[in-house]
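S.K.: Got a structure here, written out as structure tokens. Questions coming.
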Amino acid sequence: NVRNGKPSESSFSQDHPQEEKFSEIRKSFEKYSFEKQLSRAYKGTLCTLLEHPVERIEKILKLIKKKIQKGWKLREFWGFFLKQLKGPKKIRSFFPYLAHAYLEASTGKYNSMTHGVDSNIIAESLGKLQKTGEVISESKLSRILSYGTQKVKTALEGICYRSYLGRGILPKPKAEKKNPQKVKNRPIKDLVKINARTGEIYSAEDYKNGEEFSIKAIIVGYEEIEPPRKEKKISEKAPSTKIRSWIGLLIETLETCKDCESIHRRYFFGKNEQCA
């Protein structure tokens with residue numbers, strides 16, 4: 002059935018050679034388990050396929066299948082496939098192609114390869130980090146991408162987190178914390194006459210009766226003590242924000258951290274934690 006401009010095999014039934022070639026193309030797609038993608042292709046896309054050798058089509062399918070098996074999450078099948086098909090005869094390897102797409106998107110340019118959530122985060126993080134003045138080359142980024150999209154994305158997020166460059170920015174560090182002072186009352190003392198016999202305050206009646214007295218200091222009230230002008234401060238070490246080379250740190254992180262969980266522990270849950 003043909004709907005919304007989508008083709009069917011009957012679209013090519015009038016041209017027997019094209020029908021045979023399309024049958025070969027279908028077999029190639031089935032060989033690498035991409036028959037669903039072929040069934041969703043528009044007529045214009047199928048016409049483009051018929052203009053290229055089956056061998057070239059199969060090489061691209063093999064490349065995509067290999068990358069998917071290594072963990073690549075395919076979101077824009079036809080976008081990637083057709084760019085490879087219409088590009089130079091020598092099929093460009095996947096990671097340099099993806100590195101070019103990320104760097105292009107990191108500058109704000111449109112690129113269909115970075116539409117996914119993870120890809121968008123990678124491109125956005127690269128854009129922020131490169132504004133520090135250290136720029137990564139396409140060849141170096143392509144080698145880094147071989148560690149896997151999820152791992153690279155997590156590492157870039159962690160570096161941005163620790164360098165206050167975006168995506169999960171740290172709260173403003175408080176380098177000093179004031180030690181609260183308690184308000185104190187100072188006793189006011191005065192010397193008074195005390196009846197030596199009774200221990201009570203010496204009165205006029207005691208004087209008339211000739212009672213003996215003694216002198217004693219007693220508390221007659223309290224006064225508040227003003228807090229000192231210079232308050233004691235408890236120093237708190239603020240997290241380090243200086244990164245000499247984010248590219249070097251990225252490579253070191255990917256080499257030493259075996260998975261995304263260990264990267265999270267290193268950057269988001271503690272300082273100087275070693276990766277498992």
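The sequence shown lines up with residues 2 to 277 when you count with our numbering. Glycine residues also receive a C-beta, built at the ideal position from the N, C-alpha and C atoms. All values reported here derive from a predicted model rather than from experimental measurement.
(1) Comparing alpha-carbon positions, which option in ILE248, ARG41, THR257, THR49 lies nearest LYS129?
(2) Along the alpha helix (DSSP H) that carries LYS74, what are the first and last residues, could you check?
(3) Using only CA atoms, which one of SER140, ASN186, SER143 lies nearest to GLU225?
(4) Exposed or buried, ILE264, counting other C-beta atoms within 10 Å across all chains shown (16 or more means buried)?
(5) Only counting runs of 4 or more residues, tell me where the alpha helix (DSSP H) segments fall wholly within the segment 22-63, in order along the chain.
(6) Considering Cα atoms alone, identify which of GLU256, LEU142, ASP191 is closest to ILE219.
(7) Find out if the Cβ-Cβ distance for the pair PHE95, LYS74 is shorter than 7 Å.
(8) Have a look at the DSSP bridge pairing and note the partners of SER215.
(9) Once you ignore the five residues that flank GLU21 on each side, which residues in its own chain have a CB closer than 6 Å to its CB?
(10) Have a look at SER107, LEU83, TYR111, ALA197 and flag the residue whose alpha-carbon is nearest the alpha-carbon of THR49.
(11) For GLY80, decide whether its Cβ has a neighbour in chain C, counting only Cβ atoms nearer than 7 Å.
(12) Tell me which residue opens and which closes the alpha helix (DSSP H) that GLY128 is part of.
(13) I need the boundaries of the alpha helix (DSSP H) containing LEU255, first residue and last residue.
(14) Would VAL153 be called buried (16 or more neighbouring beta carbons within 10 Å of its own) or exposed?
(15) Tell me whether VAL222 sits in a helix, a strand or coil according to DSSP, three-state version.
(16) With GLY159 as the anchor, note down where its alpha helix (DSSP H) starts and where it stops.
(17) Less than 7 Å separating the beta-carbons of THR146 and LEU86?
(18) Out of GLU262, SER246, THR254, which one is the CA nearest neighbour of GLY134?
(19) What is the DSSP secondary structure of LYS110, counted as helix, strand or coil?
(20) I'd like to know whether the C-beta atoms of GLU139 and HIS101 end up nearer to each other than 7 Å.
(21) Can you tell me whether ILE69 is helix, strand or coil according to DSSP?
(22) Among VAL118, TYR203, GLU59, whose alpha-carbon lies nearest the alpha-carbon of SER29?
(23) To the nearest angstrom, how far is the alpha carbon of TYR148 from that of ILE123?
(24) With the cut-off set at 7 Å, would you say THR155 and ASP119 are in Cβ contact?
M.R.: For this structure:
(1) Nearest option by C-alpha distance: ILE248.
(2) In the DSSP assignment, LYS74 falls outside any alpha helix (DSSP H), carrying neither H nor E.
(3) Measuring from the Cα of GLU225, the nearest candidate turns out to be ASN186.
(4) Buried, by the Cβ-count rule.
(5) Runs found: 36-40, 44-51.
(6) Ranking GLU256, LEU142, ASP191 by CA distance to the CA of ILE219 puts ASP191 first.
(7) 7 Å or more divides the Cβ of PHE95 from the Cβ of LYS74.
(8) DSSP, once it has assigned bridges, lists ILE195 as partnering SER215.
(9) For GLU21, where only same-chain residues beyond five positions count, there are no Cβ hits under 6 Å.
(10) Ranked by Cα distance from THR49, the first of SER107, LEU83, TYR111, ALA197 is LEU83.
(11) Among the chains in the structure shown there is no chain C, since it carries only a single protein chain.
(12) Run containing GLY128: 118-131, per the alpha helix (DSSP H) assignment.
(13) Per DSSP, the unbroken alpha helix (DSSP H) holding LEU255 starts and ends at 247-257.
(14) So VAL153 ends up on the buried side.
(15) Correcting the residue identity first, residue 222 is Gly in this sequence and not Val. Looking at GLY222 - three-state DSSP - the assignment turns out to be strand.
(16) Boundaries of the alpha helix (DSSP H) harbouring GLY159: 150-163, taken from the DSSP string.
(17) The displayed chain sequence assigns Leu, not Thr, to residue 146. LEU86 sits away from LEU146, with the two beta carbons spaced by 7 Å or more.
(18) Its Cα nearest to that of GLY134, the residue SER246 stands out among GLU262, SER246, THR254.
(19) Coil.
(20) Yes. Within cutoff.
(21) Note: ILE69 maps to helix in three-state DSSP.
(22) For SER29, the nearest C-alpha among the options comes from GLU59.
(23) In this structure, the CA atom of TYR148 is about 13 Å from the CA atom of ILE123.
(24) In this structure, ASP119 does not lie closer than 7 Å to THR155 by Cβ.
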